[in-house]
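Working notes, structure below.
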Amino acid sequence: MERRRRQCDGAAPPAPPLGHPRLLAAHAAAPAFAIHAARLSRRRRARPDFRRRRPVTLAFSKDAVQRALSGHAAIGLLASALLYLICLTGTVVVFYQEWQRIEQPNAPEMAAIAPDAVQRAVAAVLASEKGKPATTHLYVHMPVGGLPRTTITTDHQAVHIDADGRIAMPEENAWSEFLLHAHYSLNIPGLVGMTIVGIFGVMILALTLSGIVAHPRIFRDAFRLRARDNHGVGLADWHNRLSVWTLPFSLAIALTGAMIGLGVVGAHGLAAAFYNNDVEAAYAPIFGEEHGADARPAPLANVAAPLAWLARNHPEVRPTYVILHDPQTRGQHIQLIAEHPRRLIYGETYQFGADGGYHGKVGLSDGHMGQQLAASTYNLHFGNYGGLPVKLAYIVFGLALTIVVATGTSIWLGKRQRRGLHEPRLRAGWDGVIWGVPLALTLTFLARLLIGNGAPLIAIFWTLTIAIPLLAIAFAARRPKRLLQYLLCGSLALALASWSVV
(Lines of atoms letter the chains of each structure in order from A and count residues from 1; the text may use other names and numbers.)
(Lines give C-alpha, C1' and ligand atoms only; values in the text may rest on other atoms or scores of the structure.)
Protein backbone atom coordinates (compact mmCIF):
# COMPACT_ATOMS: atom_id res chain seq x y z
CA MET A 1 0.00 0.00 0.00
CA GLU A 2 2.83 2.39 0.86
CA ARG A 3 4.56 1.70 -2.47
CA ARG A 4 1.32 2.33 -4.41
CA ARG A 5 0.80 5.60 -2.56
CA ARG A 6 4.30 6.78 -3.43
CA GLN A 7 3.75 5.91 -7.09
CA CYS A 8 0.59 7.97 -7.11
CA ASP A 9 2.53 10.87 -5.59
CA GLY A 10 5.06 10.68 -8.43
CA ALA A 11 8.06 9.38 -6.40
CA ALA A 12 9.85 6.02 -6.75
CA PRO A 13 10.90 3.75 -3.77
CA PRO A 14 14.33 4.54 -2.29
CA ALA A 15 17.38 2.96 -3.94
CA PRO A 16 19.21 0.14 -2.11
CA PRO A 17 22.30 1.23 -0.16
CA LEU A 18 25.77 1.10 -1.70
CA GLY A 19 27.53 -2.25 -1.19
CA HIS A 20 24.33 -4.24 -1.24
CA PRO A 21 25.05 -7.78 -2.53
CA ARG A 22 22.49 -7.42 -5.33
CA LEU A 23 24.22 -4.32 -6.67
CA LEU A 24 27.71 -5.84 -6.40
CA ALA A 25 26.66 -8.92 -8.35
CA ALA A 26 25.07 -6.81 -11.06
CA HIS A 27 28.18 -4.66 -11.40
CA ALA A 28 30.44 -7.67 -11.62
CA ALA A 29 28.42 -9.26 -14.42
CA ALA A 30 27.64 -6.12 -16.50
CA PRO A 31 29.90 -4.30 -18.97
CA ALA A 32 30.95 -0.70 -18.36
CA PHE A 33 28.14 0.94 -20.34
CA ALA A 34 25.59 -1.10 -18.41
CA ILE A 35 27.10 0.07 -15.12
CA HIS A 36 26.84 3.67 -16.34
CA ALA A 37 23.22 3.11 -17.33
CA ALA A 38 22.46 1.69 -13.90
CA ARG A 39 23.95 4.77 -12.24
CA LEU A 40 21.82 7.06 -14.42
CA SER A 41 18.77 4.99 -13.56
CA ARG A 42 19.45 5.40 -9.83
CA ARG A 43 19.81 9.16 -10.28
CA ARG A 44 16.48 9.38 -12.09
CA ARG A 45 14.75 7.32 -9.43
CA ALA A 46 16.24 9.51 -6.74
CA ARG A 47 14.38 12.62 -7.97
CA PRO A 48 10.71 13.08 -8.85
CA ASP A 49 9.52 11.85 -12.24
CA PHE A 50 8.48 15.04 -13.99
CA ARG A 51 7.01 13.11 -16.89
CA ARG A 52 4.26 11.83 -14.65
CA ARG A 53 3.24 15.27 -13.46
CA ARG A 54 0.17 16.95 -14.86
CA PRO A 55 0.86 19.56 -17.57
CA VAL A 56 0.68 23.19 -16.52
CA THR A 57 -2.55 24.78 -17.77
CA LEU A 58 -4.09 28.23 -17.53
CA ALA A 59 -6.94 27.94 -15.08
CA PHE A 60 -9.68 29.77 -16.98
CA SER A 61 -13.24 29.21 -15.95
CA LYS A 62 -15.74 27.67 -18.30
CA ASP A 63 -17.58 30.98 -18.60
CA ALA A 64 -14.35 32.78 -19.54
CA VAL A 65 -13.60 30.21 -22.22
CA GLN A 66 -17.12 30.56 -23.58
CA ARG A 67 -16.80 34.35 -23.70
CA ALA A 68 -13.44 34.05 -25.46
CA LEU A 69 -14.94 31.74 -28.08
CA SER A 70 -17.79 34.16 -28.61
CA GLY A 71 -15.32 37.04 -29.01
CA HIS A 72 -13.29 35.01 -31.50
CA ALA A 73 -16.47 34.27 -33.44
CA ALA A 74 -17.44 37.95 -33.35
CA ILE A 75 -14.13 38.90 -34.97
CA GLY A 76 -14.77 36.36 -37.71
CA LEU A 77 -18.25 37.78 -38.09
CA LEU A 78 -16.82 41.29 -38.54
CA ALA A 79 -14.49 40.11 -41.32
CA SER A 80 -17.39 38.32 -43.00
CA ALA A 81 -19.51 41.46 -42.73
CA LEU A 82 -16.90 43.58 -44.53
CA LEU A 83 -16.47 40.90 -47.19
CA TYR A 84 -20.24 40.79 -47.68
CA LEU A 85 -20.41 44.59 -47.92
CA ILE A 86 -17.64 44.69 -50.54
CA CYS A 87 -19.34 42.01 -52.64
CA LEU A 88 -22.77 43.65 -52.43
CA THR A 89 -21.58 47.17 -53.25
CA GLY A 90 -19.47 45.76 -56.08
CA THR A 91 -22.56 44.13 -57.54
CA VAL A 92 -24.62 47.32 -57.33
CA VAL A 93 -21.84 49.55 -58.70
CA VAL A 94 -21.78 47.58 -61.97
CA PHE A 95 -24.54 49.99 -63.03
CA TYR A 96 -22.44 53.01 -62.02
CA GLN A 97 -23.20 54.84 -65.28
CA GLU A 98 -26.90 54.03 -65.11
CA TRP A 99 -27.10 55.22 -61.50
CA GLN A 100 -25.80 58.62 -62.60
CA ARG A 101 -28.58 58.89 -65.16
CA ILE A 102 -31.14 57.89 -62.53
CA GLU A 103 -29.83 60.48 -60.06
CA GLN A 104 -29.96 63.33 -62.57
CA PRO A 105 -32.40 62.39 -65.34
CA ASN A 106 -32.71 65.94 -66.75
CA ALA A 107 -29.04 66.38 -67.71
CA PRO A 108 -28.50 66.94 -71.46
CA GLU A 109 -27.60 63.80 -73.41
CA MET A 110 -26.14 63.32 -76.87
CA ALA A 111 -24.67 60.51 -78.95
CA ALA A 112 -21.61 62.63 -79.85
CA ILE A 113 -20.28 66.16 -79.54
CA ALA A 114 -18.31 68.16 -82.11
CA PRO A 115 -14.66 69.04 -81.38
CA ASP A 116 -15.40 72.77 -81.69
CA ALA A 117 -18.18 72.45 -79.10
CA VAL A 118 -15.72 70.82 -76.70
CA GLN A 119 -13.31 73.72 -77.26
CA ARG A 120 -16.02 76.27 -76.46
CA ALA A 121 -17.08 74.32 -73.37
CA VAL A 122 -13.53 74.17 -71.99
CA ALA A 123 -13.11 77.91 -72.50
CA ALA A 124 -16.46 78.64 -70.82
CA VAL A 125 -15.69 76.50 -67.78
CA LEU A 126 -12.26 78.06 -67.26
CA ALA A 127 -13.76 81.54 -67.66
CA SER A 128 -16.30 80.74 -64.93
CA GLU A 129 -13.43 80.05 -62.51
CA LYS A 130 -11.79 83.43 -62.90
CA GLY A 131 -10.45 84.63 -59.56
CA LYS A 132 -10.02 81.09 -58.18
CA PRO A 133 -6.74 79.16 -57.88
CA ALA A 134 -5.61 77.80 -61.23
CA THR A 135 -6.92 74.36 -62.16
CA THR A 136 -4.15 71.80 -62.59
CA HIS A 137 -6.17 69.15 -64.45
CA LEU A 138 -9.33 69.56 -66.53
CA TYR A 139 -11.25 66.42 -67.55
CA VAL A 140 -13.84 66.24 -70.33
CA HIS A 141 -15.99 63.13 -70.13
CA MET A 142 -17.08 62.39 -73.68
CA PRO A 143 -20.48 60.81 -74.42
CA VAL A 144 -20.37 56.99 -74.49
CA GLY A 145 -23.01 54.30 -74.82
CA GLY A 146 -23.65 53.75 -71.12
CA LEU A 147 -23.49 57.47 -70.23
CA PRO A 148 -24.22 59.68 -73.28
CA ARG A 149 -23.30 62.93 -71.54
CA THR A 150 -20.52 65.49 -71.82
CA THR A 151 -19.22 66.53 -68.41
CA ILE A 152 -16.27 68.76 -67.53
CA THR A 153 -14.56 68.35 -64.16
CA THR A 154 -11.92 70.71 -62.76
CA ASP A 155 -10.30 71.19 -59.38
CA HIS A 156 -13.30 73.30 -58.32
CA GLN A 157 -16.46 72.02 -60.03
CA ALA A 158 -18.14 69.51 -62.33
CA VAL A 159 -20.72 70.66 -64.90
CA HIS A 160 -22.78 69.12 -67.69
CA ILE A 161 -22.37 70.51 -71.21
CA ASP A 162 -25.01 70.61 -73.92
CA ALA A 163 -24.39 69.68 -77.56
CA ASP A 164 -23.48 73.28 -78.47
CA GLY A 165 -20.76 73.54 -75.82
CA ARG A 166 -22.70 75.62 -73.29
CA ILE A 167 -22.69 74.95 -69.55
CA ALA A 168 -26.06 73.34 -68.77
CA MET A 169 -26.05 72.56 -65.03
CA PRO A 170 -23.84 71.28 -62.21
CA GLU A 171 -23.24 67.56 -62.07
CA GLU A 172 -25.12 65.93 -59.19
CA ASN A 173 -24.22 62.27 -58.73
CA ALA A 174 -23.32 62.12 -55.04
CA TRP A 175 -24.92 58.71 -54.45
CA SER A 176 -23.15 57.09 -57.41
CA GLU A 177 -19.81 58.46 -56.23
CA PHE A 178 -20.53 57.36 -52.66
CA LEU A 179 -21.35 53.85 -53.88
CA LEU A 180 -18.19 53.63 -55.98
CA HIS A 181 -15.97 54.69 -53.09
CA ALA A 182 -17.78 52.39 -50.66
CA HIS A 183 -16.72 49.47 -52.82
CA TYR A 184 -13.35 50.89 -53.82
CA SER A 185 -12.10 51.95 -50.38
CA LEU A 186 -14.91 51.53 -47.81
CA ASN A 187 -15.17 55.35 -47.92
CA ILE A 188 -11.83 55.54 -46.10
CA PRO A 189 -9.69 58.28 -47.66
CA GLY A 190 -6.11 57.71 -48.69
CA LEU A 191 -4.20 54.48 -48.99
CA VAL A 192 -5.72 52.65 -46.03
CA GLY A 193 -9.13 51.94 -47.53
CA MET A 194 -7.81 50.58 -50.82
CA THR A 195 -5.33 48.41 -48.93
CA ILE A 196 -8.10 46.87 -46.84
CA VAL A 197 -10.23 46.16 -49.90
CA GLY A 198 -7.22 44.68 -51.71
CA ILE A 199 -6.58 42.35 -48.78
CA PHE A 200 -10.19 41.20 -48.93
CA GLY A 201 -9.68 40.49 -52.63
CA VAL A 202 -6.84 38.15 -51.67
CA MET A 203 -9.14 36.63 -49.04
CA ILE A 204 -11.83 35.86 -51.64
CA LEU A 205 -9.17 34.27 -53.85
CA ALA A 206 -7.92 32.13 -50.95
CA LEU A 207 -11.45 31.13 -49.91
CA THR A 208 -12.30 30.13 -53.47
CA LEU A 209 -9.23 27.95 -53.95
CA SER A 210 -9.34 26.41 -50.46
CA GLY A 211 -13.04 25.65 -50.90
CA ILE A 212 -12.27 23.64 -54.02
CA VAL A 213 -9.51 21.70 -52.27
CA ALA A 214 -11.68 21.07 -49.21
CA HIS A 215 -14.51 19.57 -51.31
CA PRO A 216 -13.06 16.96 -53.70
CA ARG A 217 -16.52 16.14 -55.11
CA ILE A 218 -17.57 19.74 -55.66
CA PHE A 219 -17.44 19.47 -59.46
CA ARG A 220 -18.98 15.99 -59.55
CA ASP A 221 -21.95 17.27 -57.53
CA ALA A 222 -22.25 20.52 -59.49
CA PHE A 223 -25.93 19.89 -60.30
CA ARG A 224 -26.92 18.06 -57.14
CA LEU A 225 -29.09 20.43 -55.12
CA ARG A 226 -31.07 19.44 -52.03
CA ALA A 227 -32.69 22.83 -51.72
CA ARG A 228 -35.56 21.76 -49.46
CA ASP A 229 -33.44 20.23 -46.72
CA ASN A 230 -33.88 22.22 -43.52
CA HIS A 231 -30.99 20.76 -41.51
CA GLY A 232 -28.14 22.73 -43.04
CA VAL A 233 -27.61 20.42 -46.01
CA GLY A 234 -29.76 22.54 -48.31
CA LEU A 235 -27.90 25.71 -47.36
CA ALA A 236 -24.55 23.97 -47.88
CA ASP A 237 -25.70 22.73 -51.31
CA TRP A 238 -26.68 26.24 -52.37
CA HIS A 239 -23.30 27.50 -51.16
CA ASN A 240 -21.32 24.80 -52.98
CA ARG A 241 -23.35 24.89 -56.21
CA LEU A 242 -23.18 28.66 -56.55
CA SER A 243 -19.46 28.51 -55.79
CA VAL A 244 -18.92 26.10 -58.70
CA TRP A 245 -21.17 27.92 -61.15
CA THR A 246 -19.48 31.26 -60.47
CA LEU A 247 -15.92 29.94 -60.11
CA PRO A 248 -14.38 31.69 -63.17
CA PHE A 249 -16.11 34.94 -62.24
CA SER A 250 -15.03 34.73 -58.60
CA LEU A 251 -11.40 34.08 -59.53
CA ALA A 252 -11.35 36.95 -62.04
CA ILE A 253 -13.04 39.42 -59.68
CA ALA A 254 -10.88 38.47 -56.69
CA LEU A 255 -7.63 38.56 -58.64
CA THR A 256 -8.30 41.89 -60.35
CA GLY A 257 -9.63 43.42 -57.14
CA ALA A 258 -6.49 42.39 -55.29
CA MET A 259 -4.34 43.75 -58.13
CA ILE A 260 -6.12 47.11 -58.12
CA GLY A 261 -6.11 47.54 -54.34
CA LEU A 262 -2.66 46.21 -53.53
CA GLY A 263 -1.18 47.62 -56.74
CA VAL A 264 -1.64 51.07 -55.23
CA VAL A 265 0.27 49.92 -52.15
CA GLY A 266 3.03 48.56 -54.37
CA ALA A 267 3.23 51.83 -56.30
CA HIS A 268 3.63 53.82 -53.09
CA GLY A 269 6.31 51.38 -51.95
CA LEU A 270 8.22 51.75 -55.23
CA ALA A 271 7.85 55.53 -55.03
CA ALA A 272 9.29 55.57 -51.52
CA ALA A 273 12.17 53.27 -52.43
CA PHE A 274 13.22 54.51 -55.87
CA TYR A 275 11.41 57.75 -56.83
CA ASN A 276 11.69 60.02 -53.78
CA ASN A 277 8.01 59.44 -52.91
CA ASP A 278 6.88 60.54 -56.39
CA VAL A 279 3.96 58.16 -57.04
CA GLU A 280 3.34 59.52 -60.55
CA ALA A 281 6.93 58.66 -61.47
CA ALA A 282 6.37 55.11 -60.23
CA TYR A 283 3.29 54.79 -62.47
CA ALA A 284 5.00 56.41 -65.48
CA PRO A 285 6.42 53.20 -67.06
CA ILE A 286 2.86 51.86 -67.35
CA PHE A 287 0.51 54.82 -67.73
CA GLY A 288 2.85 57.48 -69.10
CA GLU A 289 4.72 60.31 -67.45
CA GLU A 290 3.81 63.88 -66.64
CA HIS A 291 5.53 66.65 -68.60
CA GLY A 292 7.47 69.31 -66.76
CA ALA A 293 5.30 72.16 -65.53
CA ASP A 294 5.76 75.73 -66.72
CA ALA A 295 3.42 78.07 -64.85
CA ARG A 296 3.93 81.08 -67.12
CA PRO A 297 0.58 82.13 -68.66
CA ALA A 298 -0.30 81.18 -72.22
CA PRO A 299 -3.40 81.06 -74.47
CA LEU A 300 -5.75 78.11 -74.01
CA ALA A 301 -4.58 74.93 -75.74
CA ASN A 302 -6.27 73.73 -78.93
CA VAL A 303 -8.46 70.92 -77.62
CA ALA A 304 -10.46 70.52 -80.84
CA ALA A 305 -7.44 69.61 -83.00
CA PRO A 306 -6.60 66.33 -81.18
CA LEU A 307 -10.24 65.19 -81.40
CA ALA A 308 -10.28 65.92 -85.14
CA TRP A 309 -6.92 64.15 -85.59
CA LEU A 310 -8.18 61.03 -83.81
CA ALA A 311 -11.35 60.94 -85.94
CA ARG A 312 -9.28 61.14 -89.14
CA ASN A 313 -6.49 58.73 -88.27
CA HIS A 314 -8.26 56.23 -86.00
CA PRO A 315 -11.97 56.24 -86.88
CA GLU A 316 -12.40 52.81 -85.29
CA VAL A 317 -11.67 54.07 -81.74
CA ARG A 318 -13.94 56.24 -79.60
CA PRO A 319 -12.64 59.01 -77.31
CA THR A 320 -13.87 58.70 -73.73
CA TYR A 321 -11.85 61.39 -71.95
CA VAL A 322 -9.95 64.55 -72.82
CA ILE A 323 -7.42 65.55 -70.15
CA LEU A 324 -5.95 69.04 -70.24
CA HIS A 325 -2.92 69.36 -67.97
CA ASP A 326 -2.07 72.76 -66.47
CA PRO A 327 -4.48 74.73 -68.70
CA GLN A 328 -3.58 78.23 -69.85
CA THR A 329 0.11 77.82 -68.99
CA ARG A 330 3.14 77.23 -71.18
CA GLY A 331 3.45 73.72 -69.78
CA GLN A 332 -0.08 72.67 -70.82
CA HIS A 333 -0.55 69.51 -72.86
CA ILE A 334 -3.43 67.25 -73.86
CA GLN A 335 -4.15 63.55 -73.49
CA LEU A 336 -6.97 61.68 -75.23
CA ILE A 337 -8.14 58.35 -73.82
CA ALA A 338 -9.91 56.29 -76.46
CA GLU A 339 -11.64 52.90 -76.28
CA HIS A 340 -10.45 50.20 -78.65
CA PRO A 341 -13.14 47.83 -79.91
CA ARG A 342 -13.02 44.20 -78.78
CA ARG A 343 -10.28 44.91 -76.23
CA LEU A 344 -10.38 44.65 -72.44
CA ILE A 345 -8.13 47.68 -71.93
CA TYR A 346 -9.94 50.76 -70.64
CA GLY A 347 -8.35 52.71 -73.50
CA GLU A 348 -5.19 53.94 -75.15
CA THR A 349 -3.69 57.29 -74.19
CA TYR A 350 -2.80 59.57 -77.13
CA GLN A 351 -0.62 62.58 -76.28
CA PHE A 352 -0.69 66.03 -77.91
CA GLY A 353 0.96 69.37 -77.42
CA ALA A 354 -0.80 72.67 -76.73
CA ASP A 355 -1.02 73.37 -80.46
CA GLY A 356 -2.79 70.05 -81.10
CA GLY A 357 0.26 68.32 -82.59
CA TYR A 358 0.48 64.56 -82.08
CA HIS A 359 3.32 63.43 -79.76
CA GLY A 360 2.72 59.67 -79.68
CA LYS A 361 0.84 57.22 -77.47
CA VAL A 362 1.59 55.53 -74.16
CA GLY A 363 1.28 51.95 -75.45
CA LEU A 364 -1.57 50.50 -73.41
CA SER A 365 -2.99 48.87 -76.55
CA ASP A 366 0.21 47.45 -78.06
CA GLY A 367 2.97 47.96 -75.49
CA HIS A 368 4.59 45.31 -73.34
CA MET A 369 2.44 42.68 -71.70
CA GLY A 370 2.55 44.32 -68.27
CA GLN A 371 1.07 47.54 -69.63
CA GLN A 372 -1.77 45.76 -71.40
CA LEU A 373 -2.47 43.61 -68.35
CA ALA A 374 -2.58 46.64 -66.03
CA ALA A 375 -4.92 48.49 -68.40
CA SER A 376 -7.25 45.47 -68.61
CA THR A 377 -7.84 44.91 -64.90
CA TYR A 378 -10.34 47.75 -64.47
CA ASN A 379 -12.83 46.74 -67.17
CA LEU A 380 -12.52 43.09 -66.24
CA HIS A 381 -13.26 43.89 -62.60
CA PHE A 382 -16.16 46.32 -63.10
CA GLY A 383 -17.72 44.78 -66.22
CA ASN A 384 -17.25 47.89 -68.38
CA TYR A 385 -17.05 45.99 -71.66
CA GLY A 386 -19.58 44.30 -73.89
CA GLY A 387 -22.46 46.64 -73.10
CA LEU A 388 -25.65 45.79 -71.23
CA PRO A 389 -25.50 41.96 -71.64
CA VAL A 390 -22.14 41.81 -69.87
CA LYS A 391 -23.39 44.12 -67.11
CA LEU A 392 -26.44 41.92 -66.55
CA ALA A 393 -24.18 38.86 -66.35
CA TYR A 394 -22.00 40.65 -63.80
CA ILE A 395 -25.10 41.48 -61.76
CA VAL A 396 -26.19 37.83 -61.71
CA PHE A 397 -22.74 36.48 -60.89
CA GLY A 398 -22.13 39.23 -58.35
CA LEU A 399 -25.35 38.41 -56.53
CA ALA A 400 -24.36 34.74 -56.57
CA LEU A 401 -20.97 35.58 -55.05
CA THR A 402 -22.67 37.73 -52.41
CA ILE A 403 -24.98 34.81 -51.56
CA VAL A 404 -21.98 32.50 -51.31
CA VAL A 405 -20.40 34.83 -48.73
CA ALA A 406 -23.67 35.14 -46.79
CA THR A 407 -24.41 31.41 -46.76
CA GLY A 408 -20.82 30.55 -45.86
CA THR A 409 -21.08 32.45 -42.60
CA SER A 410 -24.57 31.07 -41.96
CA ILE A 411 -23.24 27.52 -42.44
CA TRP A 412 -20.43 28.26 -39.99
CA LEU A 413 -22.88 29.55 -37.38
CA GLY A 414 -25.11 26.51 -37.95
CA LYS A 415 -22.21 24.11 -37.35
CA ARG A 416 -21.37 25.89 -34.11
CA GLN A 417 -24.97 25.56 -33.01
CA ARG A 418 -25.03 21.82 -33.80
CA ARG A 419 -21.88 21.42 -31.67
CA GLY A 420 -23.76 22.90 -28.75
CA LEU A 421 -22.52 26.49 -29.07
CA HIS A 422 -25.86 28.26 -28.99
CA GLU A 423 -25.19 31.91 -29.80
CA PRO A 424 -28.45 33.64 -30.70
CA ARG A 425 -26.80 37.05 -30.52
CA LEU A 426 -24.23 36.19 -33.18
CA ARG A 427 -26.97 34.75 -35.38
CA ALA A 428 -29.07 37.89 -34.93
CA GLY A 429 -26.03 40.07 -35.63
CA TRP A 430 -25.35 38.24 -38.88
CA ASP A 431 -29.00 38.62 -39.89
CA GLY A 432 -28.54 42.32 -39.16
CA VAL A 433 -25.61 42.39 -41.58
CA ILE A 434 -27.32 40.42 -44.36
CA TRP A 435 -30.46 42.54 -44.35
CA GLY A 436 -29.08 45.70 -42.77
CA VAL A 437 -26.46 46.54 -45.41
CA PRO A 438 -28.93 46.59 -48.34
CA LEU A 439 -31.38 48.46 -46.11
CA ALA A 440 -28.71 51.09 -45.37
CA LEU A 441 -27.89 51.42 -49.08
CA THR A 442 -31.56 51.89 -49.91
CA LEU A 443 -32.06 54.49 -47.19
CA THR A 444 -29.01 56.46 -48.36
CA PHE A 445 -30.45 56.51 -51.88
CA LEU A 446 -33.76 57.69 -50.43
CA ALA A 447 -31.92 60.43 -48.51
CA ARG A 448 -30.24 61.51 -51.75
CA LEU A 449 -33.62 61.84 -53.46
CA LEU A 450 -35.33 63.68 -50.60
CA ILE A 451 -32.51 65.85 -49.20
CA GLY A 452 -30.54 66.43 -52.37
CA ASN A 453 -27.00 66.08 -53.62
CA GLY A 454 -25.61 67.53 -50.38
CA ALA A 455 -27.01 64.77 -48.14
CA PRO A 456 -24.41 63.30 -45.74
CA LEU A 457 -24.52 59.90 -47.41
CA ILE A 458 -21.35 58.46 -45.87
CA ALA A 459 -22.46 59.32 -42.34
CA ILE A 460 -25.97 57.96 -42.94
CA PHE A 461 -24.76 54.71 -44.46
CA TRP A 462 -22.11 53.82 -41.91
CA THR A 463 -24.28 54.84 -38.96
CA LEU A 464 -27.03 52.52 -40.17
CA THR A 465 -24.62 49.74 -41.16
CA ILE A 466 -23.15 49.68 -37.65
CA ALA A 467 -26.34 50.39 -35.71
CA ILE A 468 -28.61 47.80 -37.35
CA PRO A 469 -26.51 44.71 -36.43
CA LEU A 470 -25.93 46.10 -32.93
CA LEU A 471 -29.67 46.59 -32.43
CA ALA A 472 -30.29 43.11 -33.80
CA ILE A 473 -27.85 41.71 -31.24
CA ALA A 474 -29.47 43.70 -28.43
CA PHE A 475 -32.95 42.43 -29.34
CA ALA A 476 -31.91 38.93 -30.42
CA ALA A 477 -34.71 37.33 -28.41
CA ARG A 478 -37.31 39.03 -30.62
CA ARG A 479 -35.83 37.54 -33.82
CA PRO A 480 -35.40 40.76 -35.83
CA LYS A 481 -34.75 39.02 -39.16
CA ARG A 482 -38.36 39.21 -40.36
CA LEU A 483 -38.66 42.85 -39.32
CA LEU A 484 -35.52 43.76 -41.28
CA GLN A 485 -36.89 41.99 -44.35
CA TYR A 486 -40.12 43.98 -44.12
CA LEU A 487 -38.19 47.22 -43.66
CA LEU A 488 -36.02 46.48 -46.71
CA CYS A 489 -39.03 45.79 -48.92
CA GLY A 490 -40.77 48.92 -47.67
CA SER A 491 -37.73 51.13 -48.19
CA LEU A 492 -37.24 49.79 -51.73
CA ALA A 493 -40.86 50.57 -52.57
CA LEU A 494 -40.59 54.04 -51.02
CA ALA A 495 -37.35 54.81 -52.90
CA LEU A 496 -38.91 53.73 -56.19
CA ALA A 497 -41.99 55.86 -55.56
CA SER A 498 -39.88 58.87 -54.56
CA TRP A 499 -37.71 58.59 -57.67
CA SER A 500 -40.75 58.43 -59.94
CA VAL A 501 -42.17 61.58 -58.32
CA VAL A 502 -38.93 63.57 -58.10
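First residue of the sequence shown? That's 271 in this note's numbering, and the numbers climb one at a time after it.
C-beta: ideal position from N, C-alpha, C; glycine also.
Bear in mind the structure is a predicted one, so any value in this text is a computation, not a measurement.
- Only residues of its own chain outside the window of five on either side were considered, and among them H426 have a CB closer than 6 Å to the CB of K402, listed in chain order.
- T619 carries a strand assignment under DSSP once its states are collapsed to helix, strand and coil.
- Boundaries for I431: no alpha helix (DSSP H) harbours it, while the beta strand (DSSP E) harbouring it runs A428 to I431, taken from the DSSP string.
- DSSP places K402 in the coil class of the three-state scheme, outside both helix and strand.
- In the displayed model, Q605 falls within a strand according to three-state DSSP.
- Secondary structure of R566 (DSSP, three-state): coil.
- When the Cα atoms are used, F667 and D507 turn out to be separated by approximately 17 Å.
- By the Cβ rule, the segment 609-618 counts as touching the segment 582-589, because three or more pairs are nearer than 8 Å.
- Contact annotation: G536 and V467 have beta-carbon atoms that are not nearer than 8 Å.
- According to the DSSP assignment, R588 belongs to the beta strand (DSSP E) that extends over R588 to H595.
- Close CB contacts of V364 within its chain, under the 6 Å cut and outside five residues either way in sequence, are with G653, K661, Y664 and I665 (chain order).
- Following the DSSP letters along the chain, one finds H651 inside the alpha helix (DSSP H) bounded by residues M639 to F652.
- With respect to L764, L709 sits apart: the two C-beta atoms are not nearer than 8 Å.
- Residues L353 and I356 of the same chain have their beta carbon placed closer than 6 Å to that of F470, with the five preceding and five following residues left out of the count.
- DSSP, read as helix, strand or coil, puts A382 in coil.
- Between L727 and A438, the C-beta gap is not smaller than 8 Å, which leaves the two residues out of contact.
- Note: L408 is bridge-paired with L594 in the DSSP secondary-structure output.
- The C-beta distance from G640 to I556 rounds to 7 Å, short enough to meet the 8 Å contact threshold.
- Straight across, the Cα-Cα distance linking G678 with K751 is about 18 Å.
- Annotated three-state conformation of Y628 is strand, per DSSP.
- Around the beta carbon of G527, a 10 Å sphere encloses 16 or more other beta carbons of the protein chains shown; the residue is thus reported as buried.
- Taking C-alpha positions only, L417 is separated from R371 by approximately 7 Å.
- Under the 10 Å beta carbon count, T619 is surrounded by 16 or more other beta carbons and is classified as buried.
- In the three-state scheme derived from DSSP, where H, G and I count as helix and E and B as strand, T677 is classed as helix.
- Counting other Cβ atoms within 10 Å of its Cβ, N649 reaches 16 or more and is therefore classed as buried.
- The C-alpha of L720 is placed about 11 Å away from the C-alpha of V771.
- In the structure shown, P440 adopts extended strand secondary structure according to DSSP, grouped into three states.
- W369 places its beta carbon 8 Å or farther from that of S455.
- The count of Cβ pairs closer than 8 Å, one atom from the segment 558-570 and one from the segment 591-606, reaches three, so the stretches are in contact.
- Around the CB of A698, 16 or more other CB atoms lie within 10 Å, so the residue is classed as buried.
- A476 and R419 do not touch by the CB rule: their CB atoms are close to 40 Å apart, not below 8 Å.
- Where I422 is concerned, the enclosing beta strand (DSSP E) starts and stops at T420 to T423.
- Annotated three-state conformation of T599 is strand, per DSSP.
- Secondary structure at I738: helix, using DSSP grouped into helix, strand and coil.
- Spanning the alpha carbons of H451 and N547 requires a straight line of approximately 24 Å.
- Rounded to the nearest whole angstrom, the C-alpha separation of L762 and S768 is 10 Å.
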